[in-house]
Amino acid sequence: MKLTVLGGAAAGGNPGQGCSGYLVEHGATRIVLDLGPGTLPELRRHADFRTLSAVVVSHLHLDHTLDLGALRFALAYNPVKPPGRIPLWLPPGGLAWLGRFAAAFGEPGKEADFFPSVFDPSEYDPDAGLTVGAVRVAFRPTVHYVPCWAMRVSAGDGGRDLGYTADTGPSADLAPFFSGVGVLIAEGNAADPGPEPWDERGHLTFAEAGDLARAAGAETLVLTHLWEERGIGAARDAAAAAFGGRVEVARPGMSLGG
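This note's numbering applies: residue -19 is where the sequence shown begins, and numbers increase by one.
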């Protein structure tokens, strides 16, 4: 599998960098995990957005979903038309959320067709997982401020899997779910945990991201969901000290595997 980072900033974006979005390719299968603000332009650098195999959304926060609207307009109005509707897999409750999105931005009287005109939207069953082309996506609930699901992507070719924490606090106990992954995309939001109780906190610290990668036995940690103002180098150093393995900081266009 090949991973290409489309964005790795925390909510709001960093200079020259959008929020969460990751392109995963295996053979002819191309799926996007989350599509936060500023990620569509980067996606267009690496793949034909008209022929994606699927977009899979971890949770319904703006910094993981906003460019679904941008992609909708690109699919609808770009002079080169897509060959068909793109599967859009949303977490439970996602279809109602998509309807509210359409109500805000769709033309009056055409809201019902705003997204279905270009997407084939469905809600995934986190317990059942998904098969998209040549890959399998499994889900595990995280601890966040809205329902959110981590993902494990498998190609079934004997290669190591890809893990993605989405947004999570440390009490989610995701290490067993990610056991043995080759690449773990893990959020790290701050140097210290702040005042929230451990079991209610919805984000990892930099060191906790490293701890998770170490406990899972990951080969490479891709540290993401970062604020530039908190120091990208400091974030990497803290994660690396806890992990003890290879750490990459998510940046647009960075690729691993292939």
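We treat Cβ as the ideally placed atom computed from N, Cα and C, and that holds for glycine.
Applying the 10 Å Cβ sphere with the 16-neighbour rule, what's the burial state of Asn169?
The residue given as residue 169 occupies position 189 in the sequence shown. The residue is buried, with at least 16 neighbouring Cβ atoms inside 10 Å.
To the nearest angstrom, how far is the alpha carbon of Phe29 from that of Thr(-16)?
If you number the sequence shown from 1, residue 29 lands on position 49. If you number the sequence shown from 1, residue -16 lands on position 4. So the two alpha carbons sit approximately 14 Å from each other.
Go to Arg140, then tell me how far its alpha helix (DSSP H) extends in each direction, as first and last residue.
Looking up residue 140 in the sequence shown gives position 160. Unbroken run through Arg140: none, as it is neither H nor E.
Which residues in the same chain as Tyr144 place their Cβ atom closer than 6 Å to its Cβ, once the five residues preceding and following it in sequence are excluded?
Here the question's residue 144 lines up with position 164 in the sequence shown. Contacts found: Leu13, Met131 and Ile165.
Ala171 and Thr148: beta carbons closer than 8 Å?
Position 191 of the sequence shown, counting from 1, holds the residue named residue 171. Position 168 of the sequence shown, counting from 1, holds the residue named residue 148. Contact flag unset, no.
Whole angstroms are fine: how far does the CA of Leu206 sit from the CA of Cys(-1)?
As a position in the sequence shown, residue -1 is number 19, starting the count at 1. As a position in the sequence shown, residue 206 is number 226, starting the count at 1. Computed Cα separation, rounded: 9 Å.
Could you spell out the range, first to last residue, of the beta strand (DSSP E) harbouring Ala166?
Mapped onto the sequence shown, residue 166 falls at position 186. Run containing Ala166: Val163 to Glu167, per the beta strand (DSSP E) assignment.
When the Cα atoms are used, what is the spatial distance from Arg194 to Ala92?
Here the question's residue 194 lines up with position 214 in the sequence shown. Here the question's residue 92 lines up with position 112 in the sequence shown. Between Arg194 and Ala92, the C-alpha separation is close to 46 Å.
Which runs of the beta strand (DSSP E) at least 3 residues long sit entirely within the region 97 to 131? Give them in chain order.
For the region 97 to 131, whole beta strand (DSSP E) runs of length 3 or above, ordered along the chain, are 99 to 103, 110 to 112 and 115 to 121.
Whose C-alpha, out of Arg24, Pro(-5), Ala146 and His183, is nearest the C-alpha of Leu(-14)?
Here the question's residue -14 lines up with position 6 in the sequence shown. Nearest C-alpha to Leu(-14): Arg24.
Check Asp153 in the structure and name its three-state DSSP category.
Indexing the sequence shown from 1 puts residue 153 at position 173. Looking at Asp153 - three-state DSSP - the assignment turns out to be coil, as it is neither helix nor strand.
Measuring straight from C-alpha to C-alpha, what distance separates Phe99 and Ile11?
As a position in the sequence shown, residue 99 is number 119, starting the count at 1. As a position in the sequence shown, residue 11 is number 31, starting the count at 1. Spanning the two alpha carbons is a distance of roughly 14 Å.
Within the 8 Å Cβ cut-off, does Pro71 reach chain D?
The structure shown has no chain D; it contains just one protein chain.
Under 8 Å Cβ to Cβ from Ser159, same chain only, skipping five residues before and after it: list those, please.
Here residue 159 refers to the residue found at position 179 when the sequence shown is read from its first residue. Correct list, in chain order: Ala196 and Gly197.
Please list, in chain order, all residues of the same chain as Pro(-5) whose beta carbon is under 8 Å from its beta carbon, the five residues on each side excluded.
The sequence position of residue -5 within the sequence shown is 15, counting from 1. Glu208, listed in sequence order.
What's the gap between the Cα of Pro88 and the Cα of Phe81?
If you number the sequence shown from 1, residue 88 lands on position 108. If you number the sequence shown from 1, residue 81 lands on position 101. Taking the straight line joining both Cα atoms gives about 13 Å.
Measure the C-alpha to C-alpha separation of Ser102 and Leu68 and round it to an integer number of angstroms.
The count along the sequence shown starts at 1 and reaches residue 102 at position 122. The count along the sequence shown starts at 1 and reaches residue 68 at position 88. C-alpha separation (whole angstroms): 6 Å.
How is Arg30 classed by DSSP in three states: helix, strand or coil?
As a working mapping, residue 30 is identified with position 50 in the sequence shown. Arg30 falls in the helix class under three-state DSSP.
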